[in-house]
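Single-structure report; data block below.
Numbering (my numbering), first residue to last: 117 to 662.
Structural data, given as structure tokens:
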């Protein structure tokens with residue numbers, strides 16, 4: 117534990133306690149909005165067919181089921197020559213920090229649009245799923261609503277049922293207030309002007325984005341501008357919008373590509389400027405706009421954040437990352453923002469930039485919850501095995517759920533978080549399947565609160581495809597798509613062609629353009645794998661977030 121403030125974090129250490137990393141979380145910004153290998157039709161784990169259950173991931177990265185029946189002490193024996201290794205039976209809890217990042221999905225769509233399959237390392241299923249509206253009921257207060265439901269997963273591409281169900285845990289916060297009612301904001305923009313930002317859709321897109329935001333912010337908001345290449349430079353100290361919009365636009369337009377990428381220098385200067393321009397009672401943010409291809413200075417995210425840790429803790433400054441460019445350092449940006457008490461998104465064109473800087477950022481500067489974690493308790497009498505889809509970088513030790521010194525996620529107003537589980541029910545299961553609890557700290561008082569919801573077998577027994585919930589089907593398509601891109605083996609996974617067809621049908625039914633764009637992306641992935649031309653599935657552009 118860090119002796120300065122006692123803060124610990126578990127991100128990036130699946131299922132175990134993290135090392136001593138000191139971060140005092142403060143008010144954060146949230147924007148809602150994750151190759152090779154085919155579909156997993158043969159890995160449905162239907163016990164009637166004798167197929168092997170899909171593999172989970174333990175903290176050491178070895179394949180193993182996420183949970184097995186404690187009375188068995190090992191997974192059910194699978195058919196074939198190889199038996200599952202014997203392991204001690206874990207508990208029936210699943211704990212993770214909330215995540216509302218969407219950069220993985222945005223970058224994957226951009227990569228596919230450029231004719232390349234995304235690197236499986238950069239595919240995070242939770243960020244695919246959280247890029248789409250789910251329509252959860254909103255709470256009346258400042259906490260969370262908890263929705264738990266699901267459906268039966270078909271046996272691969274056939275229509276017959278399997279022993280697996282898809283369980284959806286949905287968390288939602290109260291909608292954002294009108295922009296006129298939020299506290300003022302002090303935003304320090306740290307812009308990468310290195311040589312790699314000279315390409316299409318990079319620095320020019322950043323300039324358009326900041327010009328758009330200059331028109332949207334209120335007169336009592338303030339901005340400062342820092343650029344970096346080999347070194348960092350303050351182009352504009354903290355400046356009120358009122359009477360200075362042209363001055364701000366001029367500073368933005370004057371940026372030109374330079375040389376190397378010293379992210380360390382940019383972030384350090386950005387936090388210095390944020391501290392200088394700090395105003396009591398306002399929301400203080402550093403916004404990093406970069407392709408995150410650091411090649412000069414310290415390129416270790418943890419080391420960079422360690423250097424500005426005191427400024428973060430004392431002034432409550434959070435880091436929000438906006439990724440750009442076809443060559444994008446996704447893992448580096450995610451690490452920076454996760455450990456910087458913030459979030460990340462990706463913009464690939466002006467339409468996406470407008471969504472981020474007009475529709476989302478001005479309204480979502482405030483915070484509804486800090487250090488938010490979720491814990492799902494499965495009923496051991498009804499559940500034989502479960503598997504959390506994604507969230508590998510957000511897993512938290514079960515015993516740390518109520519330890520408020522352990523880092524969680526920051527969630528803003530009007531946002532949703534969705535977690536999907538593949539759940540293998542026992543034969544004759546009846547009654548409660550799972551209880552989900554979310555715990556968070558009030559951003560102002562630091563008081564802890566909890567809210568829970570549960571689902572019984574009847575709530576997850578309906579059919580998935582063509583069922584009552586179109587939004588659950590959208591989430592399932594997004595999750596299956598992500599899992600297929602990274603070579604996973606989720607039970608009941610349709611082939612990409614079928615996924616694209618289902619997404620197209622759902623786009624028609626929901627009249628949601630973001631789902632149409634999902635169908636397009638899936639079609640592009642299938643064509644790239646098969647070496648064929650993709651079918652027309654819709655226009656490009658970022659999907660809805662929320």
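From the three backbone atoms N, C-alpha and C, an ideal C-beta is built for every residue, glycine too.
From the DSSP output, in three-state form, read off residue i for me.
i, result
"residue 589", "helix"
"residue 647", "coil"
"residue 237", "helix"
"residue 561", "coil"
"residue 151", "Reliability of the predicted coordinates at residue 151 is poor, the pLDDT of 33 falling under 50, and the value obtained from them is presented with this limitation in mind. Note: residue 151 maps to coil in three-state DSSP."
"residue 576", "helix"
"residue 256", "coil"
"residue 571", "strand"
"residue 620", "helix"
"residue 489", "strand"
"residue 384", "helix"
"residue 507", "coil"
"residue 359", "coil"
"residue 642", "helix"
"residue 419", "helix"
"residue 454", "helix"
"residue 232", "coil"
"residue 320", "helix"
"residue 517", "coil"
"residue 426", "helix"
"residue 462", "strand"
"residue 501", "strand"
"residue 287", "strand"
"residue 312", "helix"
"residue 173", "At residue 173, the pLDDT of 36 sits below 50, so the modelled position is not reliable; the number obtained from the coordinates is stated separately. The answer is strand: DSSP assigns residue 173 an E or B state."
"residue 470", "helix"
Looking only at C-alpha atoms, which of the options sits nearest to residue i?
i, options, result
"residue 563", "512, 259 and 377", "259"
"residue 445", "331, 530 and 461", "461"
"residue 213", "581, 540, 508 and 544", "508"
"residue 345", "325, 336 and 385", "385"
"residue 442", "209, 211 and 235", "235"
"residue 551", "266, 257, 215 and 255", "266"
"residue 586", "434, 635 and 619", "619"
"residue 282", "622, 590 and 601", "590"
"residue 371", "387, 398, 405 and 397", "405"
"residue 536", "639, 529, 492 and 515", "492"
"residue 495", "547, 240 and 626", "547"
"residue 630", "216, 208 and 222", "222"
"residue 633", "524, 468, 268 and 303", "468"
"residue 209", "317, 421, 501 and 306", "501"
"residue 637", "227, 582 and 321", "227"
"residue 303", "573, 402 and 417", "402"
"residue 320", "466, 606, 477 and 294", "466"
My guess is that residue i and residue j are in contact by the Cβ rule of under 8 angstroms, so how many angstroms apart are they, rounded?
i, j, result
"residue 560", "residue 517", "About 22 angstroms; that fails the 8 angstroms criterion."
"residue 220", "residue 253", "27 angstroms between Cβ atoms; not a contact."
"residue 440", "residue 472", "Contact flag wrong, Cβ pair sits at about 11 angstroms."
"residue 390", "residue 400", "6 angstroms"
"residue 666", "residue 309", "The structure shown does not extend to residue 666, since the chain spans only 117 to 662, so no value can be given for it."
"residue 499", "residue 542", "7 angstroms"
"residue 215", "residue 510", "5 angstroms"
"residue 670", "residue 300", "Not covered by the structure: residue 670. The range shown for the chain is 117 to 662."
"residue 486", "residue 515", "Not confirmed; about 21 angstroms, so no contact."
"residue 305", "residue 341", "5 angstroms"
In chain order, what residues of the same chain have a beta carbon less than 8 angstroms from the beta carbon of residue i, not counting five sequence neighbours either side?
i, result
"residue 347", "378 and 381"
"residue 745", "The structure shown has nothing for residue 745, since the chain only spans 117 to 662."
Below 6 angstroms CB to CB, which residues in the same chain sit around residue i once its five sequence neighbours on both sides are set aside?
i, result
"residue 645", "none"
"residue 647", "none"
"residue 257", "none"
"residue 530", "291 and 292"
"residue 188", "Any reading at residue 188 needs caution, since the residue's pLDDT is 35, under 50, leaving its predicted position unreliable; the model's value is listed next. So the list is empty, once near-sequence residues are dropped."
"residue 360", "none"
"residue 325", "469 and 473"
"residue 250", "286, 532, 534 and 587"
"residue 540", "279, 280, 500 and 501"
Leaving out five residues on either side along the sequence, give the residues of the same chain with a beta carbon under 7 angstroms from the beta carbon of residue i.
i, result
"residue 512", "126, 211, 212, 213, 489 and 522"
"residue 412", "346, 376, 377 and 378"
"residue 577", "268"
"residue 152", "The predicted model places residue 152 with a pLDDT of 32, which falls under 50 and marks its position as unreliable, so this point remains unresolved."
"residue 448", "408, 410 and 417"
Could you tell me whether any Cβ in chain B is nearer than 9 angstroms to the Cβ of residue i?
i, result
"residue 254", "You won't find chain B in this structure, because it holds only one protein chain."
Practice problem: Take every Cβ of the segment 417-437, pair it with every Cβ of the segment 280-290, and state whether three or more of those distances are shorter than 8 angstroms. | Solution: no
Quiz item: Touching or not, the segment 351-368 and the segment 309-317, by the rule of three or more beta carbon pairs under 8 angstroms?
Solution: no
Quiz item: Does the segment 566-585 come within contact of the segment 322-331, defined as at least 3 CB pairs closer than 8 angstroms?
Solution: no
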